[in-house]
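Worksheet: the structure to be examined is printed underneath.
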Amino acid sequence: MGADMTEDLRQQIPSSLSDIIRRRRDEFEVGLASAEELAAVDGSIDADAAVAATLDDWRAVVLRDLTEDRYLLLVYGENSETGKLRRTSGVRILDLDRMLVRTQDAVYALGKPANGNPPFEMIFDICAEFHRRGLGERYGVPQVWE
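Now the structure itself:
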């Protein structure tokens, strides 16, 4: 019985960004930002802009609404001062020459980009965000507790 329960729990936990959406996958998807999506926010940010935090091991993640051909681009990374995962608000400008990102709320410096699979904390945060926005059940996103 214990092994069955462990396996059941493993199946409920998304192991990748593409595994977060489990229902109506023709309507919505989550993934790393494409080159085209990054190019759409490419721009210049003043090098003297006040920086809210530096994000290391960062990833540009996109939440895609396929029914309306729109998306929300976010950056996830580890706050270099606290070591905690940080999610930006929607990205307005990405300046890879200066390694800066401007969101609707702040400017962040980008440290080293991430490699490999995203950490579970990031996947859980995305799941929780879908539920906070009232979209988790509709898209079959697993319920997680923060």
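Mapping to numbering that gives the first Met the number 0: the sequence shown position 55 is 54, numbers consecutive. Each residue gets a CB set at the ideal place from its N, CA and C atoms; glycine is no exception.
Requested in this report: Inspect the beta-carbon positions of Val74 and Thr53 and report whether they are closer than 8 Å.
Outcome: Thr53 sits away from Val74, with the two beta carbons spaced by 8 Å or more.
**Report entry** Burial state of Asp25 (16 or more Cβ within 10 Å)
**Finding:** Burial state of Asp25 is exposed, judged by a 10 Å Cβ sphere holding fewer than 16 other Cβ atoms.
Query raised in the report: In three-state DSSP terms, what is Met4?
Result: No answer about Met4 holds up, because its pLDDT of 48 lies below 50 and its placement is not dependable.
Report task. Could you spell out where the alpha helix (DSSP H) holding Asp124 opens and where it closes? Result -> Per DSSP, the continuous alpha helix (DSSP H) segment holding Asp124 begins and ends at Phe119 to Arg131.
Query raised in the report: Who are the Cβ neighbours of His130 in its own chain at under 7 Å, not counting the five residues just before and after it?
Result: Within the same chain, His130 has close Cβ partners Val140 and Gln142.
Requested in this report: Over the uninterrupted alpha helix (DSSP H) stretch that includes Glu80, give me the two end residues.
Outcome: From DSSP, Glu80 is part of no alpha helix (DSSP H); its letter is neither H nor E.
Query raised in the report: From the DSSP output, which residues share a beta bridge with Leu73?
Result: Leu73 has Val60 as its beta-bridge partners, per DSSP.
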